[in-house]
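Beneath this line is the structure, given in structure tokens, with notes to follow.
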């Protein structure tokens, strides 16, 4: 699992505004259009809730958080057991590639065990088709 949060070894500013960017995901074929329906994350956050932590950007690696779009509002509950959160956009996301940004709490511990993406390939439609 990926764990982040307030350790005792560094300053209190050490963990503020942590962000995890995924690679630009092309699902094995960057030229074919896909529709992304949902993203599911298994997580633990024993001491803190997190509002709207997952964002996305399509069409190439994005350098800045401002380039990302939020999923529908969702707050992850504080839990010391593994919990599952599913994020959906207001309509399916049409893309050739997609990148995700996970904004983590500024304090406490947040662990991610896995992330899965529900998507479908749109047959016969490529990037050039628009």
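In our numbering, the protein residues as written are 2 to 131. C-beta atoms are modelled at their ideal positions from N, C-alpha and C, and glycine is treated no differently.
Item	Value
With distances taken from CA atoms, which of 33, 48, 69 and 29 is nearest residue 103?	69
I need the straight-line Cα distance from residue 74 to residue 58, nearest angstrom please.	16 Å
How big is the Cα-Cα spacing for residue 43 and residue 79?	13 Å
Answer yes or no: the CB of residue 124 versus the heavy atoms of the ligand MG, is any distance below 7 Å?	Among the components modelled here there is no ligand, and therefore nothing to report on the ligand MG.
For residue 93 versus residue 36, is the C-beta spacing smaller than 8 Å?	yes
Please report how far the alpha carbon of residue 81 lies from the alpha carbon of residue 118, in whole angstroms.	24 Å
According to the neighbour-count rule (16 or more other Cβ atoms, all chains shown, within 10 Å of its Cβ), is residue 100 buried or exposed?	buried
With the cut-off set at 8 Å, would you say residue 88 and residue 111 are in Cβ contact?	no
Just the Cα atoms here: how many angstroms apart are residue 95 and residue 34?	7 Å
My output table needs one value for residue 107: the three-state DSSP class, helix, strand or coil.	coil
Tell me whether residue 67 sits in a helix, a strand or coil according to DSSP, three-state version.	helix
Name the one or two DSSP bridge partners that residue 87 has.	41
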